[in-house]
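Enquirer: My questions will all concern the structure given below.
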Amino acid sequence: MGKQLRIWIFAFLGTLLASSSLLAEGVITLTTSKAVGEKIGLGIEAKGNVTIEGVQEAPRIDEFKRSYTLTSQTVVIRGDVTTLDCAFNKLDSLKLSGCTSLTTIHCQKNPLTSLDVSGSTALTELGCFLNELTSLNVSGCTALIKLECQWNQLTSLDLSNVPSLTTLNCETNQLTSLDVSSCLSLTTLNCNYNQLTSMDVSSCPSLTTLACQSNQLTTLNVSGCTTLTGLACNSNQLTTLNVSGCTALTWLDCTRNPLVSVDLSNCRSLKKLSVTSGKLTCLNVSACTALTELKCSSNQLTSLDLSGCTALTKLDCTRNPLTSLNLSNCTSLTEFTWSEGNLTSLDVSGCTALTKLSCGWGQLTSLNLSGCTALAELYCSRSQLTSLDASGCTALTILHCNVNPLTSINLSNCRSLKEFEWKLERLTSLDVSGCTSLTTLECNNNMLTSLKVSGCTSLTKLNCSINYVDSLDLSGCTSLTELNSSRNQLTSLDLSDQKGLTTLNCSDNLLREIDLSGCPRIDSLICDINQIKEREMTKLVNSLPDLQGKGVGLFRVFNETSKREGNVCLSDHVATAKAKGWKTQFKRGRYYDIWYDYAGADKPTFVVTDESTRGGTVTITGTSDLNIVAYGTELTIEASPDEGYKLTALTANGVDILATMKVVVTNNVTIKATFVDHTGVERTVTQQVKLYPNPATYYVIVEGVAPASEVTLRSMTGERLYAGRADSRGSLQIDLTPYADGGYLVCVAGETYRVVVRH
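Following full-length UniProt numbering, the numbering of the sequence shown begins with 1 at its first residue and continues without gaps.
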């Protein structure tokens with residue numbers, strides 16, 4: 001009996017111990033919307049053994065996250081768990097019971113709407129961001145050091161019982177208030193993108209970083225935050241800000257606030273300050289001797305004194321009504337941006353380290369760059385500068401000075417200049433011939449009559465269109481690939497040295513010929529509105545490189561709508577270009593950029609005129625009508641002298657053809673055979689009538705008649721059209737503008753002469 005009693009007592013004690021152990025065991029219950037058979041990921045660290053219900057696999061207890069197959073949508077973890085990672089599992093709920101050893105929870109990226117970890121006295125880190133939380137209970141988490149609950153829907157957060165908290169991220173919630181007065185150990189606080197109207201961190205003496213941007217703050221108390229190094233309070237409703245007690249502050253961003261004052265006294269450690277888009281009328285940074293970057297654009301500053309900021313490297317004070325700016329002693333300044341202000345003069349001569357300067361879109365009439373030997377980029381467009389001296393800027397690589405009333409620019413010694421751009425200016429001459437590093441030059445839309453670019457060995461792109469340049473020397477520009485010299489007054493263009501040229505636009509000039517034999521890589525040519533006639537057009541198309549099998553070249557040669565068009569491109573020229581792989585196009589109508597395929601013009605016809613002297617007969621064969629002679633027609637001239645006369649000369653447009661007695665018609669031709677009386681009998685010539693020009697366009701002059709002689713102009717049918725009398729010198733000018741193109745008769749002293757009118 002005693003033995004049985006002892007056995008029963010031992011069994012009872014064992015049961016009692018087992019029951020006590022179960023009561024002390026932690027339980028974590030997870031509910032997911034994932035279907036049975038899907039995978040969930042769990043990372044579990046624990047003291048001792050752990051069981052899992054609701055999954056197929058046995059638990060793995062280590063630092064790695066494992067994959068488990070669901071047998072139920074409710075998963076229960078039992079044991080002394082210290083770390084739980086259940087992120088990204090579509091959890092609907094997470095419940096803790098008796099988890100006194102739990103130190104870390106990562107449950108982010110789930111659709112949790114509420115989370116209660118109250119009483120988890122060992123918990124030091126909680127990551128529950130990217131959920132749908134409207135409720136979070138951390139009361140009693142006295143060991144909690146790090147809380148990340150950002151990107152949820154929290155409207156309130158009670159931190160009164162988390163005295164150990166050092167890091168809090170609660171940004172992007174719906175908090176209207178936040179009390180951190182109990183968080184004496186707090187070092188980092190991010191409460192951006194909430195609905196806070198006030199913030200007081202004066203009781204957080206250990207705070208080093210505060211981010212409270214994009215709220216509705218009207219007050220911010222940072223007094224006593226002597227260890228605060230970074231403060232971002234931008235995009236709020238602050239009108240004043242006092243950070244004078246933040247002696248350790250190194251960076252401050254308070255942009256986009258209606259600030260009227262900022263107290264920076266004692267901020268001797270401040271290095272970066274951004275106070276843009278406010279209402280500041282004054283800014284005192286005299287105490288900020290360590291300041292390296294200052295952004296104060298879009299305020300109401302009228303003056304700014306930075307003479308004590310010797311460490312300043314970057315400055316942006318754009319869009320302020322500044323009338324004075326003191327940069328003396330700013331010898332470390334490397335980047336300076338100012339525009340849209342009232343400054344009329346700017347002196348950066350003492351900024352010897354300056355590499356980039358933007359000072360356009362303002363009222364500047366004077367800019368002093370002397371001593372800026374390190375300046376590499378200068379942007380001063382849309383100002384009122386009349387002169388610019390950058391001769392001392394030997395490191396300058398980029399210069400943009402568009403839309404200034406500049407009359408002079410000094411770029412001597414700018415041998416590093418690679419990109420130079422300005423438009424709508426008043427310059428009449430520009431010499432960049434010494435800029436051997438220049439790669440791009442945009443000087444179109446000016447009043448240039450002289451442009452010197454010779455020796456610019458690195459120049460690849462030149463746009464000098466819409467000027468008055470009559471000559472362009474490209475010698476030494478061996479790297480040129482793109483040239484736009486359209487709308488100038490060029491009469492010639494030497495491209496013999498342009499082996500790399502691919503694109504040429506020389507439209508609307510006075511060019512009579514173009515030779516591309518030195519441009520083997522060219523594949524785009526725009527040369528309409530020039531004076532390239534038939535013979536020179538033939539030479540041009542013959543000089544086009546053969547692109548067959550390499551692509552299609554673009555040959556834009558004729559403008560049908562321009563009254564200045566003087567080019568003649570025949571169908572034969574188009575055929576020659578096509579055989580070399582070029583597409584010929586012409587422009588029609590008022591649309592500037594629409595081109596059409598061009599078939600070429602028919603062969604033109606010309607007038608052949610006989611102005612031979614008396615004493616012989618001239619017969620011209622090879623055409624049926626001397627008024628309509630086709631281009632390229634070969635004519636044969638027979639000149640038979642009368643008895644007693646001798647043929648001494650035969651010319652076509654002044655060129656001797658006596659040896660061949662032939663001429664090929666490519667223009668209007670005047671044939672003149674000269675017969676001389678060789679009998680020795682003197683003849684008295686009382687008058688020798690001359691008509692010129694013939695053919696005529698606007699007028700014809702009659703010379704060599706007796707003074708006061710009547711001169712009449714008649715149609716070919718004899719109709720009298722005009723009558724006038726010669727002056728005292730025997731000369732008369734007849735206006736031909738009222739008459740249509742064609743042949744007319746000039747009658748004087750019983751003689752009749754023929755004149756051709758071609759408008």
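Ideal Cβ positions, reconstructed from N, Cα and C, are used throughout, including at glycine.
Counting along the chain, where does the alpha helix (DSSP H) carrying Arg535 start and finish?
Expert: Here the alpha helix (DSSP H) through Arg535 covers Glu534 to Ser543.
Enquirer: Straight-line CA distance for Gln384 to Thr365?
Expert: The straight-line gap from Cα to Cα measures roughly 5 Å.
Enquirer: Alpha carbon to alpha carbon, how far is Leu94 from Thr31? Give it in angstroms, no decimals.
Expert: Taking the straight line from one Cα to the other gives about 7 Å.
Enquirer: Helix, strand or coil for Ser571 per DSSP?
Expert: Three-state result, Ser571: helix.
Enquirer: Specify the secondary structure class of Thr439 as computed by DSSP and reduced to three states.
Expert: Residue state, collapsed to three classes: coil.
Enquirer: Would you mind reading off the limits of the beta strand (DSSP E) that contains Arg78?
Expert: Where Arg78 is concerned, the enclosing beta strand (DSSP E) stretches over Thr74 to Asp85.
Enquirer: Mind checking which residues open and close the beta strand (DSSP E) that includes Arg714?
Expert: Residues Glu710 to Arg714.
Enquirer: If you reduce the DSSP assignment to three classes, tell me which class Gly742 lands in.
Expert: In this structure, Gly742 counts as strand in the three-state DSSP scheme.
Enquirer: Go to Ser485, then tell me how far its beta strand (DSSP E) extends in each direction, as first and last residue.
Expert: Careful: Ser485 lies outside any beta strand (DSSP E) and carries neither H nor E.
Enquirer: Would you report the Cα separation of Ala659 and Glu751, rounded to the nearest angstrom?
Expert: Computed Cα separation, rounded: 32 Å.
Enquirer: Going by beta carbon distance, what residues of the same chain come within less than 7 Å of Gly742, once the five residues before and after it are set aside?
Expert: Answer for Gly742: Val757, listed in chain order.
Enquirer: Would you mind working out which of Gln585, Gly600 and Ala601 sits nearest Ile594, comparing C-alpha positions?
Expert: Measuring from the Cα of Ile594, the nearest candidate turns out to be Gln585.
Enquirer: Per DSSP, what kind of secondary structure is Lys578 in: helix, strand or coil?
Expert: Three-state DSSP puts Lys578 in a helix.
Enquirer: For the beta strand (DSSP E) holding Met199, just list the boundary residues, first then last.
Expert: First-last of the beta strand (DSSP E) with Met199: Ser198 to Asp200.
Enquirer: For Glu216 versus Thr197, is the C-beta spacing smaller than 7 Å?
Expert: Note that residue 216 corresponds to Gln in the displayed sequence, not to Glu. Yes, Cβ-Cβ distance for Gln216 and Thr197 is below 7 Å.
Enquirer: With distances taken Cα to Cα, identify the nearest neighbour of Asn559 among Leu626, Thr619 and Val568.
Expert: Asn559 has its Cα closest to that of Val568, out of Leu626, Thr619 and Val568.
Enquirer: With a 10 Å radius around its C-beta and 16 neighbouring C-beta atoms as the bar for buried, classify Ala740 as buried or exposed.
Expert: Ala740 should be labelled exposed.
Enquirer: Considering only residues of the same chain and omitting the five flanking positions on each side of Thr621, which have a CB-CB separation below 6 Å?
Expert: For Thr621, where only same-chain residues beyond five positions count, the Cβ hits under 6 Å are Thr636.
Enquirer: For Pro59, which of helix, strand or coil comes out of DSSP?
Expert: Coil at Pro59, not helix or strand.
Enquirer: Can you confirm whether the region 690-705 touches the region 724-740 when touching is taken to mean that 3 or more C-beta pairs between the two stretches lie within less than 8 Å?
Expert: With the cut-off at 8 Å, the region 724-740 and the region 690-705 touch.
Enquirer: Could you check which residue in Cys317, Ser332, Ser307 and Glu611 has the C-alpha nearest to that of Asn326?
Expert: For the residues Cys317, Ser332, Ser307 and Glu611, the minimum Cα distance to Asn326 belongs to Ser307.
Enquirer: Given a threshold of 16 other Cβ atoms within 10 Å of its Cβ, counted over all protein chains shown, does Tyr631 qualify as buried or as exposed?
Expert: Buried, because 16 or more other Cβ atoms sit within 10 Å of the Cβ of Tyr631.
Enquirer: Would you mind stating whether residue 763 and Thr651 have Cβ atoms separated by less than 7 Å?
Expert: In the structure as shown, the chain starts at 1 and stops at 759, and residue 763 therefore has no counterpart that could be examined.
Enquirer: Under 8 Å: do the region 636-650 and the region 707-714 share three or more Cβ pairs, one atom per stretch?
Expert: Not touching, per the Cβ criterion.
Enquirer: Please state whether DSSP places Asn152 in a helix, a strand or coil.
Expert: Three-state DSSP puts Asn152 in coil, outside helix and strand.
Enquirer: Does the Cβ of Asp597 have 16 or more other Cβ atoms within 10 Å, making it buried, or fewer, making it exposed?
Expert: Label assigned to Asp597: exposed.
Enquirer: Can you tell me the Cα-Cα spacing of Gly341 and Asn89, whole angstroms?
Expert: In a straight line, the C-alpha of Gly341 is about 56 Å away from that of Asn89.
Enquirer: To which residues does DSSP link Phe606 through a beta bridge?
Expert: The partner list for Phe606 (beta bridge, DSSP) reads Val629.
Enquirer: Return the residue from the list Leu184, Thr155 and Leu220 that minimises the CA-CA distance to Val162.
Expert: It is Leu184.
Enquirer: Taking the alpha carbon of Leu375 as the point to measure from, which residue in Ser332, Leu343 and Thr209 has its own alpha carbon closest?
Expert: Among Ser332, Leu343 and Thr209, the Cα nearest to that of Leu375 belongs to Ser332.
Enquirer: Give a yes or no on contact between the region 76-90 and the region 48-55, applying the rule of three or more CB pairs nearer than 8 Å.
Expert: Enough Cβ pairs lie closer than 8 Å, so yes.
Enquirer: Just to check my reading of the structure: Asp572 and Lys539 have Cβ atoms closer than 8 Å, yes? What is that Cβ distance to the nearest angstrom?
Expert: So it is not a contact: roughly 13 Å between Cβ atoms.
Enquirer: Bridge partners for Arg66 per DSSP, in chain order?
Expert: Looking at the DSSP assignment, Arg66 forms a beta bridge with Leu42.
Enquirer: Only counting the same chain, and skipping five residues up and downstream in sequence, which positions put a Cβ closer than 6 Å to that of Leu168?
Expert: Answer for Leu168: Leu147 and Leu189, listed in chain order.
Enquirer: Whole beta strand (DSSP E) runs in the region 153-180 with 3 or more residues, listed along the chain?
Expert: If we require 3 residues or more, the beta strand (DSSP E) runs fully inside the region 153-180 come out as 167-169.
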